[in-house]
Amino acid sequence: MNEPVFPNGKLPHDVLTELIGNYTHTNQRLIVPPGLGEDAAVIDFGDRYLVAKTDPITFATDAVGWYAVHVNANDIAAMGATPRFFLATILLPEGRTTRSMAESIFASIHQAADSLGIAVCGGHTEITYGIDRPIVVGQMLGETTPEQLVRSSGLQPGDALILTKGLGIEATALIAREKSDELIAKGYAEDFITRCSNYLENPGISVVRDAQIAAQAARLHAMHDPTEGGVATGLFELATASDVGLEIDAEALFISEESARLCSEFALDPLGVISSGALLIGCAAQDANAVIAALERQNIRAQKIASAKTSDFGLVLNRGGQTATLPQFAADEIIRLFED
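If you read the sequence shown in our numbering, its first letter stands for residue 20, the second for the next number, and so on.
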């Protein structure tokens, strides 16, 4: 009997959890081991923790190096750590690679790293067969102290859950950059497309500042940055890691006019599109207003979107008293766009 083939994107959560359980070894210095919803590994180095993350960029062909630095830095910051050192494995397509292609990737990596005070300290580059676009696999190293460490597994019943910047930020930039000709053909103005393309930097796919500002405002119980599968998947991963339920205020979930318009144009559910740039922040309910105010003073939009419950509550969307189960996405919504 043939095995079923998985769709593009993340492995199914149950399969990933089983594989991690079967093939992960313990070590007394490994403070945060692999686990669904945890953003990075944490290793004890005495008075400091080393925080390590690897993440590839496979969607984008434009600014691929910029993406690689920021999405890896985001996961370090979501652990309450400071990103310090970056390495990159750069895979370039056979028969298409030029000096200018390679140089543009190197330049975008260094530009993004410089903007965050990160040192590019190594990596590997090769031209290889079997790919039709550049792929960058980033590795980020950061550090924190035991007292400052934040885990995805720290959310507690009664906590408030805050969202920054909104749904679909990264998806907006990807659609505008990869589908610009199609959007022009559909009658979209060039300034609109340019504005959406610039979502990489404004509001930006980095959540490093979001995490740092929130951590200074209150003692945080959990953070998690939604990536593939969007905010819905981020909520699921966070709840799973913490073994809690969530009551999510559907009307509090927010999205920019540009993001909503592009998602509607291509019939994509905003809850399930790749959403680097947003950050989920969990804290005691009485601290939520202080965290939101601190973020908004720095021009980062933030809003409470959910309350944590006991695990038997489930993941529930509440819209004006009408409830439904939070949708799950086997693959990121944006994959459908690029497979058409």
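No residue lacks a Cβ here, since even glycine has one placed at the ideal position from N, Cα and C.
Secondary structure of residue i, DSSP reduced to three states
{"i": "D58", "result": "coil"}
{"i": "N47", "result": "Asn is not the amino acid found at residue 47; the sequence shown has Gln there. Of the three classes helix, strand and coil, the one that applies to Q47 here is coil, per DSSP."}
{"i": "Q341", "result": "strand"}
{"i": "A234", "result": "helix"}
{"i": "V250", "result": "helix"}
{"i": "L168", "result": "coil"}
{"i": "P16", "result": "Outside the displayed range of the chain (20 to 359) lies residue 16, so it cannot be described from this structure."}
{"i": "D288", "result": "coil"}
{"i": "T213", "result": "helix"}
Identity of the residues DSSP links to residue i by a beta bridge
{"i": "I267", "result": "A325, L336"}
{"i": "T77", "result": "The partner list for T77 (beta bridge, DSSP) is empty, contrary to what the question assumes."}
{"i": "T163", "result": "Y68"}
{"i": "V6", "result": "Nothing about residue 6 can be reported from this structure: the residues present for the chain run from 20 to 359 only."}
{"i": "G157", "result": "D74, A107"}
Buried or exposed (CB count within 10 angstroms, at least 16 for buried), residue i
{"i": "C140", "result": "exposed"}
{"i": "Y148", "result": "exposed"}
{"i": "K205", "result": "exposed"}
{"i": "R67", "result": "exposed"}
{"i": "D151", "result": "exposed"}
{"i": "H89", "result": "buried"}
{"i": "S65", "result": "The residue asked about is misnamed: residue 65 is Gly in this sequence, not Ser. Exposed, because fewer than 16 other Cβ atoms sit within 10 Å of the Cβ of G65."}
Selection from the options that minimises the alpha carbon distance to residue i
{"i": "L356", "options": "G301, C282, Q317, N337", "result": "C282"}
{"i": "G114", "options": "V156, I146, A121", "result": "I146"}
{"i": "P346", "options": "A107, L160, L290", "result": "L290"}
{"i": "G339", "options": "S294, D268, I324, R320", "result": "D268"}
{"i": "T371", "options": "V335, T252, A271, A234", "result": "Only positions 20 to 359 of the chain appear in the structure, and residue 371 is not among them; the question remains open."}
{"i": "P75", "options": "K29, Y42, E37", "result": "K29"}
{"i": "A343", "options": "L265, A236, Q317", "result": "L265"}
{"i": "I50", "options": "Y42, T77, L106, L69", "result": "L69"}
{"i": "S278", "options": "I194, L160, S261", "result": "I194"}
{"i": "A349", "options": "E22, I212, P26", "result": "P26"}
{"i": "G296", "options": "P52, R196, T191", "result": "T191"}
> Counting only runs that start and end within the region 168 to 203, where is the alpha helix (DSSP H) found for 4 or more residues in a row?
Replying inline: Listed in chain order, they are 188 to 197.
>> Quick check for students: name the residue ranges of the alpha helix (DSSP H) that lie wholly in the region 297 to 323, counting only runs of 4 or more.
In response: Annotation note: the region 297 to 323 contains the following uninterrupted alpha helix (DSSP H) runs of length 4 or greater, listed N- to C-terminal: 307 to 316.
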